[in-house]
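Chemist:
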Amino acid sequence: SNTSIVVDHVIVCTGTNQQPLIPDSIVQACDSSNTPLLHSDEIKDMEATCAGRRVLLIGGGESASDLALLGSRVAKSMTVYARSGPGCVVPRYFEDVPGDILMCRAFYSTNNNPKEAKTFWKMVFGLVRDITGFRAKHTTDEDEKHTLTALHLAMKENCELERLPSCRFGTKNTSLHESIVRHNTQLVSEMPHNLNDFDVVIAATGYTTRGRFDYIKVDDINIDSDVRQLYKHMYHPELGRDIVFGGFVRPAFGSVPPCAELQARYHALVLTGERTLPCAEDMKLFIEADGEYERRTFPLDSARLPALTDYLFYMESMADLIRCSPKGEFLDNLMEKATKKHCNIQYSLSL
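Start counting the sequence shown at 10; every next residue gets the next number (the numbering used here).
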């Protein structure tokens, strides 16, 4: 457009999933074997794409898991290549309650000690593994047996491979494991050497961050596409409040909207002068500290998922800036009451 407008501030909320990404090695391998290659973003009807074909699906996230189950129903064969596995797998729903909600409540009942968090989650997943395994053996309903077996397998892998919510991104469905149990999908951790064994390759490999903000031209300032280089995933040290990036934060468990809401509340306070941003040098220090924490917390996933963060860590840090944190006398009193009532979920609060 040739239209020009003059504004005081810009808020960029264009989302994290813009340009589909397929690694060069996969493109080259498919070209060499003349095997058709599709990105999951292109697929409108997975069953029509896979019907009667030998399918290689690359990826282990939520989209890949759902696609595996859909395609495996009609494919001649389904093989899923996930180099580092499908992350920490939990059901989409526990009974009628979304898994994300219960996982967040469980998070709030633990402290931030990595060793204790690992012990806690292994205990929780181990308990679910044992219960679902027992129920799967004794149910007479075939459909229920498959569902329970899939959940049992997911919990077993979470424990054995330490795919825990304290160190891996969340995959909030058991579709991949259902496709394994129901339709004999093969899950492999190494890329198959001979792609001639497949009729189509589907890459559920996410979206690139490269060049995400190239359209924003401000003097000689380089706006890195890695949002981990922004203060609270929002502010560039050299731009301050003039251009802010909203919604570029993805909790491993927990949803984006609550994080984006606190971003919006904080930015509103900054614009009205009720809060003041740190100076550029202090921002850089905070950026480095937060980035180091996120990289340490998610060593297998942080490099390819720059928006990835820990829900509790991010929400509490934003709440401290806004000054709406439930910590302090209010929380101390609530904890005391909860303890007296033998409440196990002491920290399930809405900011």
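C-beta: ideal position from N, C-alpha, C; glycine also.
Here the structure is a predicted model, which means the values were calculated and not measured.
Of all the options Gly256, Glu283 and Thr285, which has the alpha carbon lying nearest to the alpha carbon of Leu271?
Modeler: Numbered from its first residue, the sequence shown carries residue 271 at position 262. Among Gly256, Glu283 and Thr285, the Cα nearest to that of Leu271 is on Gly256.
Chemist: Do you know offhand how far Leu321's Cα is from Met327's?
Modeler: Against the sequence shown, residue 321 aligns to sequence position 312. Against the sequence shown, residue 327 aligns to sequence position 318. Between Leu321 and Met327, the C-alpha separation is close to 10 Å.
Chemist: Does the beta-carbon of Cys97 have 16 or more other beta-carbons within 10 angstroms, so that it is buried, or is it exposed?
Modeler: Here residue 97 corresponds to residue number 88 of the sequence shown, with the count starting at 1. Answer is buried; the Cβ neighbour count reaches 16.
Chemist: Going by DSSP in three states, Cys352 sits in which element: helix, strand or coil?
Modeler: Translated into positions along the sequence shown, residue 352 becomes position 343. The predicted position of Cys352 is uncertain, since its pLDDT is 46 and thus under 50; no value can be drawn from it.
Chemist: First and last residue of the beta strand (DSSP E) that includes Leu196?
Modeler: Your numbering for residue 196 matches position 187 in the sequence shown. It spans Gln195 to Val197 - the beta strand (DSSP E) in which Leu196 sits, taken as one unbroken run.
Chemist: So, helix, strand or coil for Gly179, using DSSP?
Modeler: For the purposes of this step, residue 179 is identified with residue 170 of the sequence shown, where counting begins at 1. Here Gly179 sits in strand by DSSP.
Chemist: Assign Ala212 to one of three DSSP states: helix, strand, or coil.
Modeler: On the sequence shown, position 203 is the one that residue 212 refers to. Here Ala212 sits in strand by DSSP.
Chemist: By alpha-carbon positions, which one of Leu65, Asn167 and Ser188 ends up nearest to Asn203?
Modeler: If you number the sequence shown from 1, residue 203 lands on position 194. With distances taken between Cα atoms, Asn203 lies closest to Leu65.
Chemist: Leaving out the 5 sequence neighbours to the left and right, which residues in its chain are closer than 7 Å to Val279 when beta-carbon positions are compared?
Modeler: Within the sequence shown, numbered from 1, the residue matching residue 279 stands at position 270. If we look at Val279 and ignore the five residues flanking it on each side, its Cβ neighbours are Arg250 and Leu286.
Chemist: Report the CB separation of Ser49 from Leu78 in whole angstroms; it is logged as a contact under 8 Å.
Modeler: The residue you call residue 49 lines up with position 40 of the sequence shown. The residue you call residue 78 lines up with position 69 of the sequence shown. In fact, because the Cβ distance is near 13 Å, the residues do not count as touching under 8 Å.
Chemist: Please state the DSSP three-state secondary structure of Gln37.
Modeler: Within the sequence shown, numbered from 1, the residue matching residue 37 stands at position 28. Note: Gln37 maps to helix in three-state DSSP.
Chemist: Run the CB neighbour count on Leu170, radius 10 Å, all protein chains shown included, and call it buried at 16 or more, exposed below.
Modeler: Position 161 of the sequence shown, counted from the start, is the residue given in the question as residue 170. Leu170 comes out exposed.
Chemist: For Val98, which three-state DSSP category applies?
Modeler: On the sequence shown, position 89 is the one that residue 98 refers to. Correct three-state label for Val98: strand.
Chemist: Mind listing, in chain order, the continuous alpha helix (DSSP H) runs of no fewer than 4 residues lying wholly within the region 43-73?
Modeler: Whole alpha helix (DSSP H) segments, 4+ residues: 55-59.
Chemist: Give the secondary structure of Val15 by DSSP, where H, G and I count as helix, E and B as strand, and everything else as coil.
Modeler: Taking the first residue of the sequence shown as position 1, residue 15 is located at position 6. Here Val15 sits in coil by DSSP.
Chemist: Applying the 10 Å Cβ sphere with the 16-neighbour rule, what's the burial state of Pro123?
Modeler: Looking up residue 123 in the sequence shown gives position 114. Label assigned to Pro123: exposed.
Chemist: If distances are taken between C-alpha atoms only, which option among Val209, Asn231 and Ala213 comes closest to Arg219?
Modeler: Against the sequence shown, residue 219 aligns to sequence position 210. With distances taken between Cα atoms, Arg219 lies closest to Asn231.
Chemist: Exposed or buried, Ala159, counting other C-beta atoms within 10 Å across all chains shown (16 or more means buried)?
Modeler: Sequence index remark: in the sequence shown, residue 159 carries index 150 (1-based). Classification for Ala159: buried.
Chemist: Would you mind working out which of Leu46, Leu248 and Arg177 sits nearest Ile20, comparing C-alpha positions?
Modeler: Reading the sequence shown from its first residue, position 11 is the one you call residue 20. Selected option, being the one with the closest Cα: Leu248.
Chemist: Is the beta carbon of Ile35 sitting closer than 9 Å to the one on Leu46?
Modeler: For the purposes of this step, residue 35 is taken as the residue at position 26 of the sequence shown. For the purposes of this step, residue 46 is taken as the residue at position 37 of the sequence shown. Cβ atoms of Ile35 and Leu46: closer than 9 Å.
Chemist: Measure the Cβ-Cβ separation of Leu317 and Glu303 and say whether it is below 9 Å.
Modeler: The residue labelled residue 317 in the question sits at position 308 within the sequence shown. The residue labelled residue 303 in the question sits at position 294 within the sequence shown. Yes.
Chemist: How about Thr214 and Gly68: do their beta carbons lie closer than 9 Å?
Modeler: The residue you call residue 214 lines up with position 205 of the sequence shown. The residue you call residue 68 lines up with position 59 of the sequence shown. Yes, these two residues count as a Cβ contact at 9 Å.
Chemist: Thr141 and His161 look like a contact to me (Cβ under 8 Å); what is the Cβ gap, rounded to whole Å?
Modeler: Taking the sequence shown and counting its residues from 1, the one referred to as residue 141 is at position 132. Taking the sequence shown and counting its residues from 1, the one referred to as residue 161 is at position 152. Rounded, the Cβ-Cβ distance is 4 Å, consistent with contact.
Chemist: Measure the beta-carbon distance from Phe262 to Met112 and round it to whole angstroms, keeping in mind my assumption that it falls under 8 Å.
Modeler: As a first step, residue 262 is located in the sequence shown; it is residue number 253 there, counting from the start. As a first step, residue 112 is located in the sequence shown; it is residue number 103 there, counting from the start. Right, the Cβ-Cβ distance comes to about 4 Å (below 8 Å), so this counts as a contact.
Chemist: Taking the beta carbon of Asn167 as the centre, do at least 16 other beta carbons fall within 10 Å, making it buried, or is it exposed?
Modeler: Position 158 of the sequence shown holds residue 167. Label assigned to Asn167: buried.
Chemist: Give the straight-line distance between the Cα atoms of Ile296 and Trp130, rounded to the nearest whole angstrom.
Modeler: Taking the sequence shown and counting its residues from 1, one reaches residue 296 at position 287. Taking the sequence shown and counting its residues from 1, one reaches residue 130 at position 121. Computed Cα separation, rounded: 29 Å.
Chemist: Are the CB atoms of Arg101 and Lys85 nearer to each other than 9 Å?
Modeler: Counting from one through the sequence shown, the residue named residue 101 turns up at place 92. Counting from one through the sequence shown, the residue named residue 85 turns up at place 76. No.
Chemist: Around the C-beta of Gly70, are 16 or more other C-beta atoms found within 10 angstroms, so that it is buried, or is it exposed?
Modeler: By one-based count along the sequence shown, residue 70 stands at place 61. Looking at its Cβ environment, which holds 16 or more other Cβ atoms inside 10 Å, Gly70 is buried.
Chemist: By Cβ distance, which residues of its chain are closer than 6 Å to Ile252, with the 5 residues on each side in sequence left out?
Modeler: Here residue 252 refers to the residue found at position 243 when the sequence shown is read from its first residue. Cβ neighbours of Ile252 beyond the five flanking positions: Val19.
Chemist: Which residue wins for smallest C-alpha separation from Lys53, given the options Asp109, Val236, Ser264 and Gly80?
Modeler: Walking along the sequence shown from the start, residue 53 turns up at place 44. Comparing Cα positions, the closest option is Gly80.
Chemist: By alpha-carbon positions, which one of Thr12, Gln28 and Cys22 ends up nearest to Tyr216?
Modeler: In the sequence shown, counting from the first residue as 1, residue 216 sits at position 207. The shortest Cα separation from Tyr216 among Thr12, Gln28 and Cys22 belongs to Gln28.
Chemist: Give a yes or no on whether the C-beta atoms belonging to Ala212 and Ile31 are separated by under 9 Å.
Modeler: As a first step, residue 212 must be located in the sequence shown, where it is residue number 203. As a first step, residue 31 must be located in the sequence shown, where it is residue number 22. Yes. Within cutoff.
Chemist: Could you spell out where the beta strand (DSSP E) holding Tyr90 opens and where it closes?
Modeler: Locating residue 90 in the sequence shown gives position 81, counting from the first residue. First-last of the beta strand (DSSP E) with Tyr90: Ser86 to Tyr90.
Chemist: Roughly how many angstroms separate the alpha carbons of Thr12 and Leu239, rounded to a whole number?
Modeler: Taking the first residue of the sequence shown as position 1, residue 12 is located at position 3. Taking the first residue of the sequence shown as position 1, residue 239 is located at position 230. Straight-line Cα distance between these residues: approximately 29 Å.
Chemist: Fully enclosed by the region 200-288, which beta strand (DSSP E) runs are 3 residues long or longer?
Modeler: Listed in chain order, they are 209-212 and 252-254.
Chemist: Rounded to the nearest angstrom, how far is the Cβ of Thr88 from that of Gln195, given a contact under 8 Å?
Modeler: For this step, residue 88 is matched to residue 79 along the sequence shown. For this step, residue 195 is matched to residue 186 along the sequence shown. That pair is a contact at about 5 Å.
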